[in-house]
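S.K.: Chains as they are written, first to last, in the numbering used here: chain A, 310 to 590; chain B, 310 to 590; chain C, 310 to 590; chain D, 310 to 590.
The C-beta atom is built at its ideal place from N, Cα and C for all residues, glycine as well.
Protein chains: 4
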Amino acid sequence: MFSRCVGWDALNALSIITYEIDQKHKTEHRKHFIEFLKHVQSKDLTCAGAMTDVKGDRSLRPSEQADPDLYVHVVEKRDDGIIVRGAKVHITGVVHSHEIIVMPTRALTEKDKDYAVSFAVPTDAEGITLIVGRQMGDLRKLRGEYFDLGNFKYGAAGHEALVIFDNVFVPWNRVFMCGEYEFAGQLVETFASYHRQSYGGCKVGLGDVLIGAAALAAKYNGVLKASHIRSKLVDMVYLNETLHACGLACSYEGFKTSSGTFRVERALKRVQNYGIIFICF
Amino acid sequence: MFSRCVGWDALNALSIITYEIDQKHKTEHRKHFIEFLKHVQSKDLTCAGAMTDVKGDRSLRPSEQADPDLYVHVVEKRDDGIIVRGAKVHITGVVHSHEIIVMPTRALTEKDKDYAVSFAVPTDAEGITLIVGRQMGDLRKLRGEYFDLGNFKYGAAGHEALVIFDNVFVPWNRVFMCGEYEFAGQLVETFASYHRQSYGGCKVGLGDVLIGAAALAAKYNGVLKASHIRSKLVDMVYLNETLHACGLACSYEGFKTSSGTFRVERALKRVQNYGIIFICF
Amino acid sequence: MFSRCVGWDALNALSIITYEIDQKHKTEHRKHFIEFLKHVQSKDLTCAGAMTDVKGDRSLRPSEQADPDLYVHVVEKRDDGIIVRGAKVHITGVVHSHEIIVMPTRALTEKDKDYAVSFAVPTDAEGITLIVGRQMGDLRKLRGEYFDLGNFKYGAAGHEALVIFDNVFVPWNRVFMCGEYEFAGQLVETFASYHRQSYGGCKVGLGDVLIGAAALAAKYNGVLKASHIRSKLVDMVYLNETLHACGLACSYEGFKTSSGTFRVERALKRVQNYGIIFICF
Amino acid sequence: MFSRCVGWDALNALSIITYEIDQKHKTEHRKHFIEFLKHVQSKDLTCAGAMTDVKGDRSLRPSEQADPDLYVHVVEKRDDGIIVRGAKVHITGVVHSHEIIVMPTRALTEKDKDYAVSFAVPTDAEGITLIVGRQMGDLRKLRGEYFDLGNFKYGAAGHEALVIFDNVFVPWNRVFMCGEYEFAGQLVETFASYHRQSYGGCKVGLGDVLIGAAALAAKYNGVLKASHIRSKLVDMVYLNETLHACGLACSYEGFKTSSGTFRVERALKRVQNYGIIFICF
Numbered sequence: 310m311f312s313r314c315v316g317w318d319a320l321n322a323l324s325i326i327t328y329e330i331d332q333k334h335k336t337e338h339r340k341h342f343i344e345f346l347k348h349v350q351s352k353d354l355t356c357a358g359a360m361t362d363v364k365g366d367r368s369l370r371p372s373e374q375a376d377p378d379l380y381v382h383v384v385e386k387r388d389d390g391i392i393v394r395g396a397k398v399h400i401t402g403v404v405h406s407h408e409i410i411v412m413p414t415r416a417l418t419e420k421d422k423d424y425a426v427s428f429a430v431p432t433d434a435e436g437i438t439l440i441v442g443r444q445m446g447d448l449r450k451l452r453g454e455y456f457d458l459g460n461f462k463y464g465a466a467g468h469e470a471l472v473i474f475d476n477v478f479v480p481w482n483r484v485f486m487c488g489e490y491e492f493a494g495q496l497v498e499t500f501a502s503y504h505r506q507s508y509g510g511c512k513v514g515l516g517d518v519l520i521g522a523a524a525l526a527a528k529y530n531g532v533l534k535a536s537h538i539r540s541k542l543v544d545m546v547y548l549n550e551t552l553h554a555c556g557l558a559c560s561y562e563g564f565k566t567s568s569g570t571f572r573v574e575r576a577l578k579r580v581q582n583y584g585i586i587f588i589c590f
Numbered sequence: 310m311f312s313r314c315v316g317w318d319a320l321n322a323l324s325i326i327t328y329e330i331d332q333k334h335k336t337e338h339r340k341h342f343i344e345f346l347k348h349v350q351s352k353d354l355t356c357a358g359a360m361t362d363v364k365g366d367r368s369l370r371p372s373e374q375a376d377p378d379l380y381v382h383v384v385e386k387r388d389d390g391i392i393v394r395g396a397k398v399h400i401t402g403v404v405h406s407h408e409i410i411v412m413p414t415r416a417l418t419e420k421d422k423d424y425a426v427s428f429a430v431p432t433d434a435e436g437i438t439l440i441v442g443r444q445m446g447d448l449r450k451l452r453g454e455y456f457d458l459g460n461f462k463y464g465a466a467g468h469e470a471l472v473i474f475d476n477v478f479v480p481w482n483r484v485f486m487c488g489e490y491e492f493a494g495q496l497v498e499t500f501a502s503y504h505r506q507s508y509g510g511c512k513v514g515l516g517d518v519l520i521g522a523a524a525l526a527a528k529y530n531g532v533l534k535a536s537h538i539r540s541k542l543v544d545m546v547y548l549n550e551t552l553h554a555c556g557l558a559c560s561y562e563g564f565k566t567s568s569g570t571f572r573v574e575r576a577l578k579r580v581q582n583y584g585i586i587f588i589c590f
Numbered sequence: 310m311f312s313r314c315v316g317w318d319a320l321n322a323l324s325i326i327t328y329e330i331d332q333k334h335k336t337e338h339r340k341h342f343i344e345f346l347k348h349v350q351s352k353d354l355t356c357a358g359a360m361t362d363v364k365g366d367r368s369l370r371p372s373e374q375a376d377p378d379l380y381v382h383v384v385e386k387r388d389d390g391i392i393v394r395g396a397k398v399h400i401t402g403v404v405h406s407h408e409i410i411v412m413p414t415r416a417l418t419e420k421d422k423d424y425a426v427s428f429a430v431p432t433d434a435e436g437i438t439l440i441v442g443r444q445m446g447d448l449r450k451l452r453g454e455y456f457d458l459g460n461f462k463y464g465a466a467g468h469e470a471l472v473i474f475d476n477v478f479v480p481w482n483r484v485f486m487c488g489e490y491e492f493a494g495q496l497v498e499t500f501a502s503y504h505r506q507s508y509g510g511c512k513v514g515l516g517d518v519l520i521g522a523a524a525l526a527a528k529y530n531g532v533l534k535a536s537h538i539r540s541k542l543v544d545m546v547y548l549n550e551t552l553h554a555c556g557l558a559c560s561y562e563g564f565k566t567s568s569g570t571f572r573v574e575r576a577l578k579r580v581q582n583y584g585i586i587f588i589c590f
Numbered sequence: 310m311f312s313r314c315v316g317w318d319a320l321n322a323l324s325i326i327t328y329e330i331d332q333k334h335k336t337e338h339r340k341h342f343i344e345f346l347k348h349v350q351s352k353d354l355t356c357a358g359a360m361t362d363v364k365g366d367r368s369l370r371p372s373e374q375a376d377p378d379l380y381v382h383v384v385e386k387r388d389d390g391i392i393v394r395g396a397k398v399h400i401t402g403v404v405h406s407h408e409i410i411v412m413p414t415r416a417l418t419e420k421d422k423d424y425a426v427s428f429a430v431p432t433d434a435e436g437i438t439l440i441v442g443r444q445m446g447d448l449r450k451l452r453g454e455y456f457d458l459g460n461f462k463y464g465a466a467g468h469e470a471l472v473i474f475d476n477v478f479v480p481w482n483r484v485f486m487c488g489e490y491e492f493a494g495q496l497v498e499t500f501a502s503y504h505r506q507s508y509g510g511c512k513v514g515l516g517d518v519l520i521g522a523a524a525l526a527a528k529y530n531g532v533l534k535a536s537h538i539r540s541k542l543v544d545m546v547y548l549n550e551t552l553h554a555c556g557l558a559c560s561y562e563g564f565k566t567s568s569g570t571f572r573v574e575r576a577l578k579r580v581q582n583y584g585i586i587f588i589c590f
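1. Is there contact between the region 532–539 of chain D and the region 537–544 of chain C, where contact requires at least three CB pairs shorter than 8 Å?
2. Measuring alpha carbon to alpha carbon, tell me which residue in ASN321(B), ASN530(B), GLY453(B), LYS364(B) is nearest GLY358(B).
3. In terms of alpha-carbon separation, which member of ALA416(B), GLU562(B), ILE325(B), ARG367(B) lies closest to GLU491(B)?
4. Whole angstroms are fine: how far does the CA of ASP423(C) sit from the CA of VAL384(C)?
5. Could you give the distance in angstroms between the alpha-carbon of GLY584(A) and the alpha-carbon of GLY563(A)?
6. Of the choices VAL532(C), GLU550(C), CYS555(C), HIS553(C), whose alpha-carbon is the least far from that of GLY365(B)?
7. If you draw a straight line from the C-alpha of VAL513(B) to the C-alpha of GLU550(B), how long is it?
8. Hey, ILE606(A) and VAL477(A): beta-carbon distance below 8 Å or not?
9. For a test of the three-state rule: what should DSSP assign to ARG572(B), helix, strand or coil?
10. Quick check on DSSP: helix, strand or coil for SER560(D)?
11. Label GLU454(A) either buried or exposed according to how many other C-beta atoms from any shown protein chain fall within 10 Å of its C-beta, with 16 as the threshold for buried.
12. ALA650(C): buried (16+ other C-beta within 10 angstroms of its C-beta) or exposed?
13. Is VAL472(D) close to chain A, meaning its C-beta is less than 8 Å from at least one C-beta of that chain?
14. Can you check which of these residues, HIS553(D), LYS528(D), VAL497(D), LYS386(D), is closest to THR361(D) by C-alpha distance?
15. Looking at chain A, which residues of the region 514–538 of chain B have a Cβ within less than 8 Å of any of its Cβ atoms?
16. Under a CB-based cut-off of 8 Å, is ASP362(C) close to chain B?
17. Considering Cα atoms alone, identify which of ALA526(B), SER324(B), GLY316(B) is closest to SER568(B).
18. Among TRP317(C), CYS511(C), ARG575(C), ASP388(C), whose alpha-carbon lies nearest the alpha-carbon of VAL411(C)?
19. Going along the chain, which residues of its own chain have a beta-carbon closer than 7 Å to the beta-carbon of SER560(C), five neighbours each way excluded?
20. Suppose the cutoff is 8 Å on Cβ atoms and the five residues either side in sequence are ignored; what does the same chain contact list for ASP517(D) look like?
21. Is it true that the CB of CYS487(B) sits closer than 8 Å to the CB of ILE391(B)?
22. Answer yes or no: do ALA470(B) and VAL441(B) have a C-beta to C-beta separation smaller than 8 Å?
23. Can you look up PRO377(A) in the DSSP assignment and give me helix, strand or coil?
24. How many Å lie between GLN374(A) and TYR529(D) at the Cα?
25. Would you mind giving the Cβ-Cβ distance between ALA554(C) and CYS511(D), rounded to the nearest angstrom? I have them listed as a contact below 8 Å.
26. In this structure, does DSSP put GLY453(D) in helix, strand or coil?
27. So what does SER427(A) bridge to, in DSSP terms?
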């Protein structure tokens, strides 16, 4: 369940942006997106959302990097589709997702046109390699140990991976952006807005568990009534409820876009983003 | 306009609590409250809300204080009404309000029964003395000076006063709580919930003005593009929008009480309270 | 007493920098400085230190400003001395000082050469105007009121003034820097180092009084044993003792400069500067 | 080297407290301590300092716990020495130390008399079991992996262990406190003062490495000139230099105790303690 949120946010964002690109460029991105969406929904597939590139020198744009592959980009356009190359990093849950939805990671200029690319590929497509990040104690389960395994049944649930795209082929009906660089920033922001909104539920639920665990640990140590402990628990509750309030507010203030899809209110989104700094990891 | 918010919050809270007291004690508080509300609405009166007592030793309850007048209390019950005594402090805008709505300032026990009193009196009722708090530069206007006067037309707008009740008579039809100590804490919390909710609009508007003024001062000094200045302005926006989000969330999640009056959601209220610490003054 | 610290810091800093300027430029600044120092010491004079210019557009250098008088500068060099023009702002205690010691407020380039000027003038020299800043309640004493006067005997002790230099003449034997722009930054930093060091005593003493007053107010309100109050008092003590420790450390690590004057250790000075942000006003 | 600091601090503290106990109780603790000190110095032994007990219910004193072994205590006094029982937790570097110096972990009352015990034992004494705490990636070295091993040569250098004392015998000439409960608090505070002082060197050196590593990472990412990055690095420097200043100040202000041993100034010590919260782990 955990990993589906990023994919959902990607689907929502693409539903809006493909429409807007089509309006301007007379492309067929939204038609392809809707086909893909039906595929996902009818088979109940899990999608990983892949946005963050490895980036290289942060003071340079994608097209200015010493190595052209530091951001995912189109290396060839063919009649039947495109060939992409690069890598996306810290991709949560991609190991157990059926599909990867790729999006640009920043606003782009005309010179970065080849980097303005969004598409979906099956996780096991040819040319894709996943390098899973190490986690604390991740070898314990393999050794048959029985505690501090993270999630009891599945081990450390939050696997993140570096996803390498080594000349991966993507057919046109799975391409949602290809060269329309002026929409890249908007796609990032729209995706991020949904992603922060969903934190108002997801991370707050996680926060509730953390607060409860902290309170229980305090109780076991005989310090639950100590005022400096209560003060810290209260601060955790404040922060958690503030996140929840921001999630609710940006949802209630949501509006229907011209694509027909509803999106969350933006300004409040940025605020929520801020609270996230404290609780996210 | 500024001073009306406290009165509004008091009216909303009493609308709920008088109903609940009547349900339990078969009193007529709500009937009296509704009469008073009609009086206020039909004549468009401004009401000050008076909650904070002078308190004395904070480690003791009202009935335990060396001086019985450190919290407002009933000193005599007569056929036609009650006589009250004590003082409320930091009462915003009372100088230019028609009516004062008095409420207890904390949860009370049976021993504090005489302190469980809520009522409305005209500001110029016999026995009431207002001692207005000094403010920075408050003598300037009197000397005919022309700048740094606060509000240009009215001087420092936010007058606060110490309101002394020296055996003030209140007729029964203006008494909304009298001895029902177990509802005191609930009245305080209900009032405070509305009062924090309204901050999600009022203080955020004030915050917008402060942020704009700060940005303008930065521009005049040629430092608006300095990153440490921008960073501070962004922090101000974050805090302000968070307050706004909390105000919206607790309102959207509001619910109809058995009295028929809607009230804001409580948990989220407490959160907003927290943000207020930073911006209120 | 209060106002003397800035003057002391200026004397210490000039004692070092005039020596270094003389070494490089074969000037006689240090001789003039020593004469002035003897004058001050033999007559026990109070000196105000004047560093902060009004500055105008902070993104521009002194010589780039629309108005050349936004930083104090030399407008004429004569046989007997120099004519200076400009204004220094927020000059503490200048109203009750015998002499004003003027220094540049920032590092300077060759184009700002005329702004590289340091000198001493009597506070009542021709062409000097002091505009004293208003303070809270500063009219009360004049009205014969008897409380909230600040210092009981002298009223608000910390007068600050805008000091305007309207073509003020300064004889050569009171000029300590005149055009040696490359020493301006060093003078500012040396002055500031002493000034922060002295805070390790002065502001910490003030902090002790504030902490004691806060504790006393808590005691009077019956909340001295409340843990959230104690926690705040402890934080105040921590901050205050940290300042004291930084003042001690930079003094113990002080070293003899080639001028013969000892100066405080620099790196630790910057640290102390940081703590000051919290306690200074 | 790393692990020796705790032992040094224990030696310094015991040098003072054993003298003071002897003065009051005519005991021979200091003589025994000096013998032990000569043994350590002549053979260049590494000593672990063991203070923190497992504690159980923090709201109860040692003698009030359900399990008497939650704090290390004397279970038997014999002609040749004492038998001790309990466990000390989070004992840094004990795995590679020759000796363990045990001290009480809190102030004690007469009822906790049996818990007022300090002594030294070889790490491999009969009845001692070390349970080493797991660390992130601690199995990697065993699998022959070659990166993210922590210290390249020794792996994760900071081993901490739970040290169980299961009826360990300690001869009288290695006992430094036995029943003198009124000195327990003083021993803890004296030890802690030295321990925080040494952080003014040790942790600041570590801080320098961390700051350098952070700056290098920023440089590799092309963001070293980004103002928000510089601002964070500057904050790290401030904190680190403040710690250093506090370490210097409490050392310079150190004084000779009646035992002949110098100790650091206390008030400033508490301050340093505060800074440590931010950097220690």
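M.R.: Walking through what the data contain:
1. no
2. Ranking ASN321(B), ASN530(B), GLY453(B), LYS364(B) by Cα distance to GLY358(B) puts ASN321(B) first.
3. Comparing Cα positions, the closest option is ALA416(B).
4. 8 Å
5. The predicted position of GLY584(A) is uncertain, since its pLDDT is 45 and thus under 50; a value taken from the coordinates is nonetheless stated next. Going by the C-alpha atoms only, they are around 19 Å apart.
6. For GLY365(B), the nearest C-alpha among the options comes from VAL532(C).
7. 7 Å
8. Examination of residue 606(A) is not possible in this model, given that chain A is present from 310 through 590 alone.
9. strand
10. Note: SER560(D) maps to helix in three-state DSSP.
11. exposed
12. The displayed coordinates of chain C run from 310 to 590. Any statement about residue 650(C) would go beyond what the structure contains.
13. no
14. VAL497(D)
15. none
16. Not one chain B Cβ lies under 8 Å of ASP362(C).
17. SER324(B)
18. Selected option, being the one with the closest Cα: TRP317(C).
19. GLN506, VAL573
20. Correct list, in chain order: ASN549.
21. Cβ atoms of ILE391(B) and CYS487(B): closer than 8 Å.
22. Yes, these two residues count as a Cβ contact at 8 Å.
23. helix
24. In a straight line, the C-alpha of GLN374(A) is about 13 Å away from that of TYR529(D).
25. About 17 Å separates the two Cβ atoms, so there is no contact after all.
26. Correct three-state label for GLY453(D): coil.
27. MET486(A)
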